[in-house]
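Engineer: Structure incoming, see below.
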Amino acid sequence: MYEVRWPDKERWIFIFCDYPGEPDEFVVLLKAYRDMVHGKIREIPDLTQYKVDNDELGLIFQWDDCFGITVIVPKSTDLDKAYNTLKDLCENI
């Protein structure tokens, strides 16, 4: 089960899950988003971040053992739309 928190002032959306110390749930979420937008996952060089081609929102996904699943919302993207998209996705996983 995933729980999406409203973006903070840095435009980061934190997503909490049953096993926050495990990257497996991050992979499930990222693949589900990829399938939803019919894109391809690509790693951002020199960072532990990922984007999905064909994503009109331009979201950046990252996972680490400190913060867990984090989604960075670009300034050009509507926060409400990004939040609601992720919330709907998490409810359907």
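In the numbering used here, the protein residues as written are 327 to 419.
Where a beta carbon is used, it is the ideal one built from N, C-alpha and C, also for glycine.
Computed from a predicted structure; not experimentally measured.
Answer yes if the stretch 382 to 398 comes into contact with the stretch 333 to 347, meaning at least three C-beta pairs across the two stretches below 8 Å, and no otherwise.
Structural biologist: Yes, the stretch 333 to 347 touches the stretch 382 to 398.
Engineer: Where do the N-terminal and C-terminal ends of the beta strand (DSSP E) with Val-330 fall, by residue?
Structural biologist: Unbroken beta strand (DSSP E) run through Val-330: 328 to 330.
Engineer: Within this structure, are the beta carbons of Ala-358 and Leu-415 separated by less than 8 Å?
Structural biologist: Yes, the pair counts as a contact, with Cβ atoms nearer than the cut-off.
Engineer: With DSSP run on the structure shown, which of helix, strand or coil describes Glu-417?
Structural biologist: In the structure shown, Glu-417 sits in a helix (DSSP, three-state: H, G or I).
Engineer: Round the Cβ separation of Leu-383 and Thr-403 to the nearest angstrom and send it over; I've been treating them as touching at under 8 Å.
Structural biologist: 5 Å between Cβ atoms; contact.
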